[in-house]
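Undergrad: Sharing a structure, written as structure tokens. Questions coming.
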Amino acid sequence: MDPIIVIGMHRSGTTMITDILEKMGLFMGVRQNVMQEAQFFFEINKWLLELSGGSWILPETYDSLQRDLRAYNQVTNYVRFLLNTPRTISYLGVQRYLQFRTPASMNTPWGWKDPRTTYMLPLWLKIFPEARVIHIHRNGIDVAQSLHVRSQLVTERYFDRWQLLRWRWLHILGWGIYPRYNAHYLTLDEGFKLWEMYTRRADEHIAGIPAVRTRTICYEEFLQNPLPLLEDLCEFVGLRTQPDALNEAVASIIPARRNAYQHDEKLRSFYEMVRYSPQMIKYGYDHDLA
Numbered sequence: 060m061d062p063i064i065v066i067g068m069h070r071s072g073t074t075m076i077t078d079i080l081e082k083m084g085l086f087m088g089v090r091q092n093v094m095q096e097a098q099f100f101f102e103i104n105k106w107l108l109e110l111s112g113g114s115w116i117l118p119e120t121y122d123s124l125q126r127d128l129r130a131y132n133q134v135t136n137y138v139r140f141l142l143n144t145p146r147t148i149s150y151l152g153v154q155r156y157l158q159f160r161t162p163a164s165m166n167t168p169w170g171w172k173d174p175r176t177t178y179m180l181p182l183w184l185k186i187f188p189e190a191r192v193i194h195i196h197r198n199g200i201d202v203a204q205s206l207h208v209r210s211q212l213v214t215e216r217y218f219d220r221w222q223l224l225r226w227r228w229l230h231i232l233g234w235g236i237y238p239r240y241n242a243h244y245l246t247l248d249e250g251f252k253l254w255e256m257y258t259r260r261a262d263e264h265i266a267g268i269p270a271v272r273t274r275t276i277c278y279e280e281f282l283q284n285p286l287p288l289l290e291d292l293c294e295f296v297g298l299r300t301q302p303d304a305l306n307e308a309v310a311s312i313i314p315a316r317r318n319a320y321q322h323d324e325k326l327r328s329f330y331e332m333v334r335y336s337p338q339m340i341k342y343g344y345d346h347d348l349a
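Residue numbers (our numbering): 60 to 349.
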């Protein structure tokens, strides 16, 4: 069985919707990181970006790898090889690994979510040509703000912790090593441009896949009226559901999170600056609706 692949820009609701689908029965991996991304697929995607000199914040460097057909084919074959090694225990767990050996042998719906897959999707479709793809998008203002706030928090927490290190005087004397800092500080404008890049790439990939194998979900619409969208997603994924389970799954959704930027004067001003960007118009975000 080929997988369900969830793509979309970071901070766009992919975690929330994937978490709901997982509770409904979609297998998304045993070992997951804090963002509920299967560690096995996350590490492969991260490696693919690093291989081309990029990262989640510099994803378009990956295009250079795709243009080098020889290297691209070698990398694809290596990823295919990894899927048939004991490393998949990270995803399957020991019991499922002993039963299936590789995720593709599973007889129940399975998949993963990782925003990075938005760029690597062609590679994964070479390996899983019948994969079904769910693209989740959210308005670019709230995404940019979420990225901005997160980068601020990571920066502050890191350096607060560093200041409290017991042996910081060694660094003052020049005997210590420099702290390793991997956070990416993003302004609103930088976060918005990154949103444009990811959504544009997702649109390009979705356009090349038969419609019966794709779903595009608007985060704001899901918050406002989740039940019919969840019913459709469960059917698309291949999950058998009961009305009570569906109602319970959507009970914790908070509709007030929809278009949160409208409650902040600074963000509303930023919205007026970017509301007519091509991607905002394409998704209907140029209409300032409550």
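Glycine included, every Cβ here is placed at the ideal spot set by N, Cα and C.
Are the stretch 105-119 and the stretch 160-180 touching by the rule of at least three beta carbon pairs closer than 8 Å?
TA: yes
Undergrad: Buried or exposed: which applies to A350, given that a residue is buried once 16 or more other Cβ atoms fall within 10 Å of its Cβ?
TA: Nothing in the structure corresponds to residue 350, since the chain is present only between 60 and 349.
Undergrad: List the DSSP bridge partners of V309.
TA: Paired residues: none, contrary to the question.
Undergrad: Is F86 closer than 8 Å to T167 when the C-beta atoms are compared?
TA: yes
Undergrad: Is R70 a contact residue of the ligand NAD, with contact defined as CB to any heavy atom under 7 Å?
TA: This structure lacks the ligand NAD; in fact it carries no ligand of any kind.
Undergrad: Got a sec, what are the start and stop residues for the alpha helix (DSSP H) T77 sits in?
TA: 73-83
Undergrad: Among residues of its own chain, excluding the 5 on either side of G152, which ones have a beta-carbon nearer than 7 Å to its beta-carbon?
TA: V89
Undergrad: When you compare the CB positions of I28 and W171, do they come within less than 8 Å of one another, or not?
TA: As displayed, the chain neither begins before 60 nor continues past 349, which places residue 28 out of reach and without an answer.
Undergrad: If I measure Cβ to Cβ from L286 and keep anything under 8 Å in the same chain, skipping five residues before and after, which residues do I get?
TA: The residues are L305, N306, V309.
Undergrad: If we count Cβ pairs, one from each stretch, closer than 8 Å, do we get three or more for the stretch 123-134 versus the stretch 190-208?
TA: The stretch 123-134 vs the stretch 190-208: no contact.
Undergrad: Is G235 helix, strand or coil when you go by DSSP?
TA: Note that G235 scores 49 on pLDDT, short of 50, meaning its location in the model is unreliable; the coordinates nonetheless yield the value given after this. Residue state, collapsed to three classes: coil.
Undergrad: Tell me the DSSP secondary structure of A190 in three-state form.
TA: coil
Undergrad: Assuming I66 and V192 make a contact with CB atoms under 8 Å, what is their CB distance in whole Å?
TA: 6 Å
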